[in-house]
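**Student:**
In this note's numbering, the protein residues as written are 4 to 489.
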């Protein structure tokens, strides 16, 4: 099975080599030119074990969006969406690759995860204080898919699967996970309740000590060391960022252009098959699904400063990508011309939202409302499919058809937007933004009645006060010749 685009990869490898020689803190001219052609931010958004649904969306999207066929795309993934994102970050979009991905996502064995997701069994275990998490070994087939490993069956662990791979990220890739030691705020005597030592700012995705807690720990450093062995008490109340973005070298260099105080997440560099496998494990390891994952190589992690600078963190542990299904803000501020498409996700119900907020501080809905502001179109499950998600009673083939049908509906109408969003704190392009070399429509919000809908480039210094526009649909990215007949 062919899974590579050799011409694209060769050219991209040359660009990466040039960029690496120039250093991580400055984008080379070649890398800047490469990103200037990116038209789409494609977000594979996690929905638990419903991978066939995303396969249906992928199949329809590839037919309808030329930018995918041209690899003019940044791919992101959170939770189970990290699996497909990792595959396309390594191999890119081709006819063969998409057919192969659809086959593997539709036919993969997801029984272990589906059994664990059973709401009745899971809730009963949680009430009894029993663990619901399953082994990461159940991910071997999907990690094998993402990394091009056909002989994954006799590999005992995910790490053993990765050791058989030669795949590395060659296309712009971002995978999301949250930072356990920063977000964790559970009561030490009863992990189901919140300690309320910390506070979370959803506008900056940062966590800080409550003022009275910080003052107590400053006066009792020995108590702090005993209570929080994975953290350092800093010079201010700030602890760190709630999230990490696992990124290939090109995305690392792109997002490093953002000022430290503006970036929403720490950066973790992806260079090897083991790194990609770690990113998948980190993103799917959500509470009640899989145990947290420890960072094995802090030299590839950047919290503040350069790689290896962990800020106030001694040891990093990852606890799933559920918080941020649409990691678009930093990307869009650096690439103002892109449009953001998401394969859809399901909001937490009140019980799950409350429980996770007690364990890991962040209110997922507050985050989602700000991140979904950046969405231009999302193929979220409709009410009919959501009812089947509750019962998990659909075959993989039927799930695939649900996803394909939903994508057709949204693309035909160019409509599929969040029902409620909150404008984020930072809406303007970054100072180091890369302007598109193509005509980008509706890049900015209309100001003073004057449209700014067709912009090829924006001279330096002329973006002050301009607000990036979102919730636009995919519009010019959709191929009108592929529109479904009534």
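Think of the CB as a built atom: it goes at the ideal place given N, C-alpha and C, for glycine as much as any other residue.
Would you list the one or two residues that DSSP bridges to residue 81?
**Tutor:** One-based indexing of the chain shown puts residue 81 at position 78. 179.
**Student:** Please name the residue in 261, 280, 158, 116 whose C-alpha comes closest to that of residue 298.
**Tutor:** Counted from its first residue, the chain shown places residue 298 at position 295. Just measuring C-alpha positions, the residue of 261, 280, 158, 116 sitting nearest residue 298 is 280.
**Student:** Could you tell me the distance, in whole angstroms, from the CA atom of residue 84 to the CA atom of residue 146?
**Tutor:** As a working note, residue 84 is residue 81 in the chain shown. As a working note, residue 146 is residue 143 in the chain shown. Looking at the two C-alpha atoms, the distance is approximately 12 Å.
**Student:** Report the rounded CA-to-CA distance for residue 386 versus residue 308, giving the unit in angstroms.
**Tutor:** Taking the first residue of the chain shown as position 1, residue 386 is located at position 383. Taking the first residue of the chain shown as position 1, residue 308 is located at position 305. For residue 386 and residue 308, the distance between alpha carbons rounds to 45 Å.
**Student:** Classify residue 422: buried if its beta carbon has 16 or more other beta carbons within 10 angstroms, exposed otherwise.
**Tutor:** Locating residue 422 in the chain shown gives position 419, counting from the first residue. Under this definition residue 422 is an exposed residue.
**Student:** May I ask which residues mark the beginning and end of the beta strand (DSSP E) holding residue 202?
**Tutor:** Residue 202 sits at position 199 when you count from the first residue of the chain shown. Taken as a continuous stretch (DSSP letters only), the beta strand (DSSP E) holding residue 202 covers 201-204.
**Student:** Could you tell me the distance, in whole angstroms, from the CA atom of residue 117 to the CA atom of residue 399?
**Tutor:** Residue 117 sits at position 114 when you count from the first residue of the chain shown. Residue 399 sits at position 396 when you count from the first residue of the chain shown. If you draw a straight line from the Cα of residue 117 to the Cα of residue 399, it is about 12 Å long.
**Student:** Going by alpha carbons, who is nearest to residue 75 out of 34, 40, 100?
**Tutor:** Against the chain shown, residue 75 aligns to sequence position 72. Among 34, 40, 100, the Cα nearest to that of residue 75 belongs to 40.
**Student:** Closest to residue 235 by C-alpha separation, out of 384, 316, 333, 221, would be which residue?
**Tutor:** Here residue 235 refers to the residue found at position 232 of the chain shown. Measuring from the Cα of residue 235, the nearest candidate turns out to be 316.
**Student:** Any idea what DSSP makes of residue 67, helix, strand or coil?
**Tutor:** Locating residue 67 in the chain shown gives position 64, where the first residue counts as 1. If DSSP states are grouped into helix, strand and coil, residue 67 belongs with the helices.
**Student:** Would you kindly report the start and end of the unbroken alpha helix (DSSP H) that includes residue 247?
**Tutor:** Here residue 247 corresponds to residue number 244 of the chain shown, with the count starting at 1. Careful: residue 247 lies outside any alpha helix (DSSP H), inside the beta strand (DSSP E) at 246-250.
**Student:** Looking at C-alpha atoms only, which residue of 102, 416, 285 is the closest neighbour of residue 325?
**Tutor:** As a first step, residue 325 must be located in the chain shown, where it is residue number 322. The option with the nearest alpha carbon to residue 325 is 285.
**Student:** Skipping 5 residues on each side, what residues in its chain have a beta carbon closer than 7 Å to that of residue 266?
**Tutor:** Counted from its first residue, the chain shown places residue 266 at position 263. Cβ within range, chain order: 258, 333.
**Student:** Should the segment 426-441 be regarded as contacting the segment 327-341, the criterion being three or more beta carbon pairs within less than 8 Å?
**Tutor:** yes
**Student:** Taking DSSP as the reference, what is the three-state secondary structure of residue 414?
**Tutor:** The residue labelled residue 414 in the question sits at position 411 within the chain shown. In the structure shown, residue 414 sits in a helix (DSSP, three-state: H, G or I).
**Student:** Considering residue 45, what are the terminal residues of the beta strand (DSSP E) in which it resides?
**Tutor:** For the purposes of this step, residue 45 is taken as residue 42 along the chain shown, with counting starting at 1. 43-47 is the span of the beta strand (DSSP E), which, as asked, contains residue 45.
**Student:** Considering only C-alpha positions, which residue in the set 406, 144, 94 is nearest to residue 48?
**Tutor:** What you label residue 48 is simply residue 45 of the chain shown in a count that begins at 1. Closest option to residue 48, Cα to Cα, is 406.
**Student:** If residue 277 and residue 375 are in contact, beta carbons under 8 Å, what's the gap, nearest whole angstrom?
**Tutor:** Locating residue 277 in the chain shown gives position 274, where the first residue counts as 1. Locating residue 375 in the chain shown gives position 372, where the first residue counts as 1. About 33 Å; that fails the 8 Å criterion.
**Student:** Starting from residue 441, trace the beta strand (DSSP E) both ways and give me its first and last residue.
**Tutor:** Numbered from its first residue, the chain shown carries residue 441 at position 438. Note, residue 441: premise wrong, no beta strand (DSSP E); not H, not E.
**Student:** Do residue 382 and residue 419 have their C-beta atoms closer together than 8 Å?
**Tutor:** By 1-based counting over the chain shown, the position of residue 382 is 379. By 1-based counting over the chain shown, the position of residue 419 is 416. Cβ atoms of residue 382 and residue 419: closer than 8 Å.
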